[in-house]
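The next block holds one structure in the form of structure tokens; read it before the comments.
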Amino acid sequence: MKPLQKPTLTGICDQMASHDWTEAELDELVDPKLGIITGFQELLEDLDVLRQVDLGATPPALSVQKR
């Protein structure tokens, strides 16, 4: 996976224009500096790893237990 670049993110935001993104918001997504727990790039990398997991081989979760 290629590292996220601001022009790529700007293009996505232009295509999905339901929210007007400020330059500061886009900069923060590309290169977090305000203490975000997970940066956007890290989230994309985690999603890529998850995409490669064979969910058919994963056992089902236990049922929810009521108290």
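Converting from the sequence shown to the numbering used here requires adding 83 to each position, the first position being numbered 1.
Ideal placement from N, C-alpha and C gives every residue a C-beta, glycine not left out.
Everything numeric in this text was worked out from a predicted model, so none of it was measured.
Item checked: Integer Cβ distance of M152 from D137, believed to fall under 8 Å -> Lying before the first or after the last residue shown, residue 152 is absent from the chain, which here runs from 84 to 150.
Item checked: Local conformation of T141 per DSSP, three classes -> coil
Next item on the list: With a cut-off of 8 Å on the beta carbons, I'd call L109 and L92 a contact; round off their distance for me.
Entry: 6 Å
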